[in-house]
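Under our numbering, read the sequence shown as residues 1016 to 1326, first letter to last.
Virtual Cβ for every residue (Gly too), placed ideally from N, Cα, C.
Since the model is a prediction, treat every value here as computed from it, not as a measurement.
Input: a single structure, listed below in structure tokens.
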Amino acid sequence: MGTIDPHHLSQAEGDIVSAAALYRWRRAPLWIERFFRTRLTDQHQLDLVDGLEYLFLFHRDGRLREAALRKIQGPIPNAFILAAIAWRLNDWVDPIRAAAVACVERTFSRTSPQVMAEAALVLLVRQGTWGRWGSERGVLDAAFERRDVADILADIIAKRSTGPMATIFRQSLRSSVLDDHIERLAVAASQPSVRAAATQSLIDGFASWTVGWRWQWIDKSMGVRRRETAFEKRPLTTQIDRATMIRRGLKDRAATVRRVAMSGLIQHEAALSDAHRLASEALTDRSKSVRERAEFILSRAASRPAEITEL
């Protein structure tokens, strides 16, 4: 199972159960069979065979899933197994979730940071869809707060040119352990969406991430509402000069980053003495959205004397 991509965990579960016949119901041996051979139960096999505990994480019998979690003691060998253990934090059976918490606390701190980081690429995105866990989430968040894991995760986010790295980056900001890497990601990340997200965090001075969705009433008397994304945020533990980040973002090769920087210039115009010059230079930007923001800054500046005169 070590070769299975942890991104395919939910799809692989059915294949594993089918291939290994990990079903709850077992055919009872015929009376004649009992005289000629002894068939080990699944529990006996789990007790006797090393490594079978990883397979039994997918067993349809909840008692055996729990027993498998309790048998796991050492470092987790690969990202797929680690993701499978974390998945049991959201199991529908309370004792299994409790066993998963104990397993995570016992083993994740001893697991290779590379394995932890590779699993984090999946778990940071998927855990937002888990609806059965509660306090169990805290043990997984704590496991990913290791400094060595954060260093490797930041390198992966910076270098990988495919995949939802911006989403992973934002979810990783739930903890402050990645704060020291944000400036590097804003400058050197391969994906423009990551550079844009990092630049925005530094300009805003806080990290934000999605936590699901909520209903927003449009007309409560008519029962009209819409669903919108819900966010949480926290202040960053590291502070970078906002003006420097805006100027740097305006020079980025990606329009996505320049747009974020120009929005920051609109919001913090008073903090930059050369704001109007920067806006004037952006009037020739290739991106229409950047030009429109620059035009807004200059038009707002042009209207100020008139406003003062009227007063």
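Confirm, please, whether the CB-CB distance from V1209 to A1181 is below 8 Å. In the sequence shown, residue 1181 corresponds to position 166, counting from 1. In the sequence shown, residue 1209 corresponds to position 194, counting from 1. Cβ atoms of A1181 and V1209: closer than 8 Å.
For the alpha helix (DSSP H) that Q1088 lies in, which residues bound it at each end? As a first step, residue 1088 is located in the sequence shown; it is residue number 73 there, counting from the start. Counting along the chain, Q1088 falls outside any alpha helix (DSSP H), and DSSP gives it neither H nor E.
Nearest-angstrom beta carbon gap, A1173 and L1200 [assumed within contact, 8 Å]: As a first step, residue 1200 is located in the sequence shown; it is residue number 185 there, counting from the start. As a first step, residue 1173 is located in the sequence shown; it is residue number 158 there, counting from the start. L1200 to A1173, Cβ: 6 Å. Contact.
Are the Cβ atoms of F1095 and L1024 separated by less than 8 Å? As a first step, residue 1095 is located in the sequence shown; it is residue number 80 there, counting from the start. As a first step, residue 1024 is located in the sequence shown; it is residue number 9 there, counting from the start. Against a cut-off of 8 Å, the Cβ pair of L1024 and F1095 comes out as a contact.
Cutting at 6 Å between CB atoms, please list the residues of its own chain near M1016, excluding the five before and the five after it. Taking the sequence shown and counting its residues from 1, one reaches residue 1016 at position 1. Excluding residues within five positions, the ones whose Cβ falls inside 6 Å are F1095.
Please report the straight-line C-alpha distance between Q1060 and T1253, rounded to a whole angstrom. Counted from its first residue, the sequence shown places residue 1060 at position 45. Counted from its first residue, the sequence shown places residue 1253 at position 238. One C-alpha to the other measures close to 52 Å.
If L1280 and I1261 are in contact, beta carbons under 8 Å, what's the gap, nearest whole angstrom? The residue you call residue 1280 lines up with position 265 of the sequence shown. The residue you call residue 1261 lines up with position 246 of the sequence shown. About 5 Å separates the two Cβ atoms, so the contact holds.
Output needed for A1316: all residues of its chain with C-beta closer than 7 Å, excluding positions within five of it in sequence on either side, in chain order. Here residue 1316 refers to the residue found at position 301 when the sequence shown is read from its first residue. Taken in chain order, the residues that qualify are H1291.
Assuming S1187 contacts E1160 (C-beta within less than 8 Å), just tell me the rounded distance between them. Taking the sequence shown and counting its residues from 1, the one referred to as residue 1187 is at position 172. Taking the sequence shown and counting its residues from 1, the one referred to as residue 1160 is at position 145. Actually they do not touch by this definition, with Cβ atoms about 10 Å apart.
Is the distance from the Cβ of I1233 to the Cβ of R1241 below 8 Å? The sequence position of residue 1233 within the sequence shown is 218, counting from 1. The sequence position of residue 1241 within the sequence shown is 226, counting from 1. Taking the C-beta atoms as reference points, R1241 is found nearer than 8 Å to I1233.
Is it true that the CB of I1091 sits closer than 8 Å to the CB of L1084? Numbered from 1 along the sequence shown, position 69 holds the residue referred to as residue 1084. Numbered from 1 along the sequence shown, position 76 holds the residue referred to as residue 1091. No.
Sub-8 Å separation of P1128 and D1076 beta-carbons: On the sequence shown, position 113 is the one that residue 1128 refers to. On the sequence shown, position 61 is the one that residue 1076 refers to. Cβ atoms of P1128 and D1076: not closer than 8 Å.
Cβ-based neighbour list, D1156, same chain, cut-off 7 Å, excluding 5 preceding and 5 following: Taking the sequence shown and counting its residues from 1, one reaches residue 1156 at position 141. Answer for D1156: R1189 and S1190, listed in chain order.
Whole-angstrom C-beta distance between I1031 and F1073, which should lie under 8 Å: As a first step, residue 1073 is located in the sequence shown; it is residue number 58 there, counting from the start. As a first step, residue 1031 is located in the sequence shown; it is residue number 16 there, counting from the start. That pair is a contact at about 5 Å.
Where do the ends of the beta strand (DSSP E) carrying S1127 lie? Translated into the one-based positions of the sequence shown, residue 1127 becomes position 112. That residue, S1127, is in no beta strand (DSSP E); it is neither H nor E in DSSP.
DSSP beta-bridge partners for D1234? Sequence index remark: in the sequence shown, residue 1234 carries index 219 (1-based). Looking at the DSSP assignment, D1234 forms a beta bridge with V1239.
Measure the alpha-carbon distance for R1268 versus A1132 and round it to whole angstroms. In the sequence shown, residue 1268 corresponds to position 253, counting from 1. In the sequence shown, residue 1132 corresponds to position 117, counting from 1. Each residue's Cα considered, the two are about 29 Å apart.
Quick check on the burial criterion: 16 or more other C-beta atoms within 10 angstroms. Buried or exposed for G1264? As a position in the sequence shown, residue 1264 is number 249, starting the count at 1. Its Cβ being crowded by 16 or more others within 10 Å, G1264 is buried.
Alpha carbon to alpha carbon, how far is G1149 from C1118? In the sequence shown, counting from the first residue as 1, residue 1149 sits at position 134. In the sequence shown, counting from the first residue as 1, residue 1118 sits at position 103. If I take the Cα positions, the gap works out to 17 Å.
Within a Cβ cutoff of 6 Å, which residues of the same chain sit near F1071, ignoring the five residues on either side of it in sequence? For this step, residue 1071 is matched to residue 56 along the sequence shown. Closer than 6 Å at Cβ, skipping near neighbours: L1061, L1079 and A1083.
Roughly how far, in whole angstroms, is the beta-carbon of R1273 from the beta-carbon of V1305, given that I think they are within contact range, below 8 Å? Here residue 1273 corresponds to residue number 258 of the sequence shown, with the count starting at 1. Here residue 1305 corresponds to residue number 290 of the sequence shown, with the count starting at 1. Their Cβ separation, rounded to whole angstroms, is 5 Å, which keeps R1273 and V1305 in contact under 8 Å.
Cβ atoms of S1278 and R1249: under 8 Å apart, would you say? Position 234 of the sequence shown, counted from the first residue, corresponds to residue 1249. Position 263 of the sequence shown, counted from the first residue, corresponds to residue 1278. No, they are not a contact pair.
Tell me whether the beta-carbon of L1313 lies closer than 8 Å to the beta-carbon of A1285. Walking along the sequence shown from the start, residue 1313 turns up at place 298. Walking along the sequence shown from the start, residue 1285 turns up at place 270. For L1313 and A1285, no; Cβs fall outside 8 Å.
Can you give, in chain order, each stretch of the alpha helix (DSSP H) that sits fully within the segment 1120 to 1172 and has at least 4 residues? 1128 to 1141 and 1151 to 1158
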